[in-house]
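Scroll down for the structure; my scribbles are underneath it.
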Amino acid sequence: MRICVKTAVMPKNKTWASPMKVDFSDDLLPGERVLGAMAGLSYFRLYYADNGSTSESVGQASVTLVPNLTEDAVHVTASLVMTNYNGAEAACSTDGSGHDSFVRITVVAVLGLMNPAYQAVAGNLYGLSGQWGEAIPIASASAEARAFLAGFYIAGSSAKEVSSLSFTSSVEKPGGAQAKVSGKATQSGDEERTGTADVAFLSTDGVSYYKVLSIDTSSSKWTEVDDERDGVTCAFSVTPTLDPGETVRRAGVLLQNVNINFERDKTSDLELFEAGVTSDTLSISNGKTISGTLILNIFNSRAGDDYGIAPPPTSNLTAFVIAEIARPLPGGES
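The structure is reproduced here in structure tokens:
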């Protein structure tokens, strides 16, 4: 049994029911099949279309990923909503605004012949507003268990100005061969709102061919971009510990927690907010060093009343690189 990692980008021509097909057929060895999969967020951006007054208050903001396993592929449907309930909506590339709302995702699949005794558990949980009520069975008390952000939903009865947005995911092991998953979404501003978060879950015990690497996102790593509307960025580079002959085959970013705040504690309309990795694929140097750039951003573009992001540590992000490892096969192939 092994782990396979692939990334995908949401088509930008619509924001609702936008499909991505992540095909693992070329990765399967004879007799293998995809035993399970999870889909997590690498990046998201919600951007109001330009309707004459770009920045607007927010009634609902949501990102949803729905993965379905069909034979050797994982089909992920993405839906993005940002609305003021009065005509302003999240932009797609066909509305002529030059603004796109979209996501990048990382799909982690379990490949093998069979999956005995929860040796690998991968999947998505939806609508969490705290800890999930029932424990998920995993292989053992020592099995790895990880949670990543896969979506969120926050809504109120009317549109309100915003000061901050927060999306979190986590996992705990209460004891024995089980795990509990937590997720939460909140919005501060004119109205304090608590929503729900979707979480991608991965647990393995003795399953190889992958590494999970923490990205250093401490406040000293971030740089403010010259144009305030472009937020703050964090260049990163991670190198897994590899055995002789091993290389990094593919890698993706998975977000765990995102907190975005307007500067100077301002409460404001917004034009966009975004977080995650800025490129569709990560750079892999010498088969081992993985690098890329993260962004955090929120912006109100109203003339004379424009605000940008409060840089880290006020705003902050927790993210990981998940890397698929290739090993040499007998005869020198990999």
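So for the sequence shown, this note's numbering puts the first residue at 1325; every next one is plus one. Quick reminder that beta carbons are idealized off the backbone N, C-alpha and C, glycines included.
Looking at the DSSP output, Ile1478 bridges to Ala1385. Looking only at Ser1561, Ser1366, Phe1491 and Arg1357, the smallest Cα-Cα distance to Lys1612 is reached by Ser1561. Beyond the five residues adjoining it in sequence on each side, Val1582 comes within less than 6 Å, by CB distance, of Phe1491, Ala1599 and Leu1641 in the same chain, given in chain order. A straight line joining the alpha-carbon of Val1432 with that of Asp1629 spans about 43 Å. The beta carbon of Val1531 lies closer than 8 Å to those of Met1325, Arg1326, Ile1327, Val1434, Gln1443 and Ala1444 in the same chain, with the five residues before and after it left out. Taking C-alpha positions only, Val1645 is separated from Leu1606 by approximately 9 Å. Excluding its 5 nearest sequence neighbours in each direction, Asp1604 has C-beta neighbours in its own chain below 8 Å: Thr1331, Val1333 and Arg1428, listed in chain order. The residue from Ser1543, Thr1541, Asn1585 and Asn1610 with its alpha-carbon nearest to that of Leu1566 is Asn1610. The Cβ atoms of Ala1414 and Ile1462 do not sit closer than 7 Å to each other.
The region 1440-1459 makes no contact with the region 1346-1358: fewer than 3 CB pairs, one atom from each, lie closer than 8 Å.
Proximity to Met1406 across Leu1579, Val1382 and Thr1418 peaks at Val1382, based on C-alpha coordinates. For Gln1511, the enclosing beta strand (DSSP E) begins and ends at Gln1502 to Gly1513. In the three-state reduction of the DSSP assignment, Arg1553 falls in the helix class.
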